[in-house]
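Right, one structure below, let's go through it.
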Amino acid sequence: EPDQSGGAPCPELSEERACNEDPCAVDCKVGGWGNFSECSKSCGGGSRTRNRTVEVEPSDDGEQCPDLEETEECNTQPCDPCAGLSCGLNEECRRSSDNTTATCKCTPPFTRASPEAECMNMQQQQQQQPAVGIPRPVSAESDQQQQGPVGIPSIPSGCNGNCRSMNWFNDTVCDMECFTEECSWDGDDCASEPRMNANQQTENETNRRDIPETCVGDCRDLEWVNDSVCDLTCYNYACGFDGGDCDPGVECTDLASYCKWNETCQSQDDGFGRCESLCSTIECSEDRNEVCEVQRIPEGEPGAGSGVGKCVCAENYVRGDNDECFQVRDCAVAEWKDWGECSKSCEGGVKKRTREVTAEPQGGGEECPELEETAPCNEQPCPVACVVGDWSIWSPCSKDCGGGKRRRVREITTEPQHDGEECPPLSEEEDCNTEPCKTDCTVSDWSEWDKCSEECGGGTQSRTRTVVEPDQSGGAPCPELSEERACNEDPCAVDCEVGSWGNFSECSKSCGGGTRTRNRTVEVEPSDDGDQCPDLEETEECNTQPCKTDCTVSDWSEWDKCSEECGGGTQSRTRTVVEPDQSGGAPCPELSEERACNEDPCGDGRLQGGWLGQLL
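When we follow full-length UniProt numbering, the leftmost residue of the sequence shown carries the number 1, and every step to the right adds one.
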């Protein structure tokens, strides 16, 4: 009810308060991907990554950030096993049959005397170097002997395996191993004790003494020296200088006769003869790439059959017309360059790659290999594109007005093959009869009435409807799309209104806790279901501090039973504190007391007056 005739104006009819003050969730936002990094490998399957950054950090349960780094495979083509493999002089890289591994092999006619040796032209080496006896042993008292160049023996007839171009050397006592370039230098045990071929035995027979019959052990080409008085020790270079004891009692002979043709016998004053290479006194010029070599003096010349030290060109060097030693060098070429483009994109083309000469051959070295190589490529069949026929005529329109559809088709005359271009669409449609038809306006049903604008005292509310299909080409127009009506016309309720509180009254007590009150008055009486008036009086405690109080106790209890029935006993009684003393009041008196009882002497009277009396 509104105020009238100067009455109190209406209070505020609406109020507002804050709500949902928690901050809104923020989702993570990231930028675009950056460029991919370089691939970790150039071949054989590597990886590369790219990154993106966070532009807006997530907060308050917002969506978390996606991955900021992405990795993918790259350069998955297999690596060339020869790439990065550095081969030495007279070597070339050879790939395995499956093109997964590679090793350095000697280029013909070069080969190795052992797996650790350098590639050498063995035929040329054997022609240049005379056959040599086995070197003398080394003892603790003697210096290590100078050894002449060692020839390469022929293949022992006792070696196992289907190997070619084999060389052999002694690995352990009387135990030979077969080695071959073609067998990747794998060693096979020999089938029997190795032996020189007949030619070598004849040629070298004069270069080593016979094996003493008194020597113990199954050794070949033994040399023996006087190790102690009339005690012989058998030594064999091929057996790793292991010594076998000789039987005692053998006459000692001059050791000088046992030095080989390419050695000279030194002093035997120490009781142990020593053979020394004939090159020990020859000085050759290292600056001229020369080394000393012991050569046999040919038949018919002074000293025939013995040796002489001469300066010759070092290994891999030859003497030129100017008497200078220069290095024998084979042609060296660089790694193959990448393959060029294929000459055809399909049905078989040719690709080419080249390599360059890095060092020209000299001194009769091996000539350069082919510098150009071709290979077939793109042997897959060429793609065949799809071919279609002409369009058919258009079908009739699906509608007479208001927009219909019509359709036409075509057929495939050549199917696509080998990843050729796919066929285009085989049907298409288009709009037809697009002129509008005569159409009346149609509308939807009315919506529900919306909320009244006022809760009391009269308001309005409305409802609407929408156009489903507008009128066209002269059809009936649309009706009204909204309407309004009155609502909540009942008078508004008036809530009770009260004034401010008055002052509190005097406290009902000066101590020990009293009460006081205050009041307020009604200024607007409630009506029409308005809020009723709140309490108009309010009471609160006051002067709650304790008052000065004397202790108060209860009345005495009854005397309890006497402790004795005769002859004198005691009995007691008690009382309790009802309210203790406070704030300096009188303290509590004694809470218990005791007195004498049954003081009469005990006797017959006890029986008569006591038990007997009770029995009667």
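Every residue, glycine too, gets a C-beta built ideally from N, C-alpha and C.
- Taking C-alpha positions only, D390 is separated from G420 by approximately 20 Å.
- Here the segment 536 to 556 makes contact with the segment 574 to 593; the two share three or more CB pairs at distances below 8 Å.
- Judged by their CB atoms, S392 and R406 are not nearer to each other than the 8 Å cut-off.
- One Cα belongs to C39, the other to N322, and the distance between them is close to 55 Å.
- I412: member of the beta strand (DSSP E) spanning I412 to T414, first to last residue.
- Secondary structure of T281 (DSSP, three-state): helix.
- For C492, same chain residues with a beta-carbon under 6 Å away, outside a window of 5 residues either side, are C456 and G457 in chain order.
- By the criterion of a C-beta distance shorter than 6 Å, K438 is surrounded in its chain by S473, G474 and G475, once the five residues flanking it on both sides are discounted.
- Look at C87 here: in three-state DSSP terms it is coil, with no helix or strand label.
- When beta bridges are read from the DSSP output, R319 appears opposite C325.
- In chain order, G88, L89, N90, E91, C106, T107, F110, T111 and R112 place their CB closer than 8 Å to the CB of C119, counting only its own chain and leaving out the 5 sequence neighbours on each side.
- CA-CA distance, S563 to K509, rounds to 50 Å.
- The closest CA to that of G348, considering only A375, C496, R296 and T71, is found on A375.
- Distance check between A83 and each of C74, K399, T103 and P534 places T103 closest, using alpha-carbon atoms only.
- The segment 530 to 539 makes no contact with the segment 46 to 53, as fewer than three CB pairs between them are under 8 Å.
- With three or more CB-CB distances shorter than 8 Å, the segment 336 to 348 counts as touching the segment 367 to 384.
- Sequence-distant Cβ neighbours of C547 in its own chain, meaning closer than 6 Å and more than five residues away, are C511 and G512.
- The beta-bridge partner set that DSSP reports for R17 is empty.
- Within its own chain, the residues whose Cβ lies closer than 7 Å to the Cβ of S557, once the five positions on either side in sequence are excluded, are R573, T574 and R575, listed in chain order.
- Annotation: D60 to N519 spans about 51 Å, alpha carbon to alpha carbon.
- If you draw a straight line from the Cα of E73 to the Cα of C65, it comes to about 24 Å.
- Ranked by Cα distance from D495, the first of V524, L481 and N503 is V524.
- Per DSSP, the continuous beta strand (DSSP E) segment holding N51 begins and ends at G46 to N51.
- In this structure V294 is buried. Its beta-carbon is surrounded by 16 or more other beta-carbon atoms within 10 angstroms.
- With a minimum length of 3 residues, the unbroken runs of beta strand (DSSP E) contained wholly in the segment 494 to 540 fall at 514 to 519 and 522 to 524.
- In the structure shown, C456 adopts coil according to DSSP, grouped into three states.
- Boundaries of the beta strand (DSSP E) harbouring D431: S427 to C432, taken from the DSSP string.
- Assignment of C566 by DSSP, reduced to helix, strand and coil, places it in the coil class.
- Under the DSSP definition of a beta bridge, P9 lacks any partner.
- Looking from the CA of T76, the closest CA among E57, C43 and D600 belongs to C43.
- A contact between stretches requires three or more CB pairs, one per stretch, nearer than 8 Å, and the segment 426 to 433 fails this requirement with the segment 459 to 468.
- Nearest C-alpha to R329 among N316, G320, D338 and E335: N316.
- The residues P381, P383 and V384, in chain order, have a CB closer than 8 Å to that of Q417 in the same chain once the five nearest residues on each side in sequence are set aside.
- Only buried fits C313, as 16 or more other CB atoms lie within 10 angstroms of its CB.
- DSSP, reduced to helix, strand and coil, places P376 within a strand of the structure shown.
- Contact between T354 and E372 holds: their C-beta atoms lie close to 5 Å from each other, under 8 Å.
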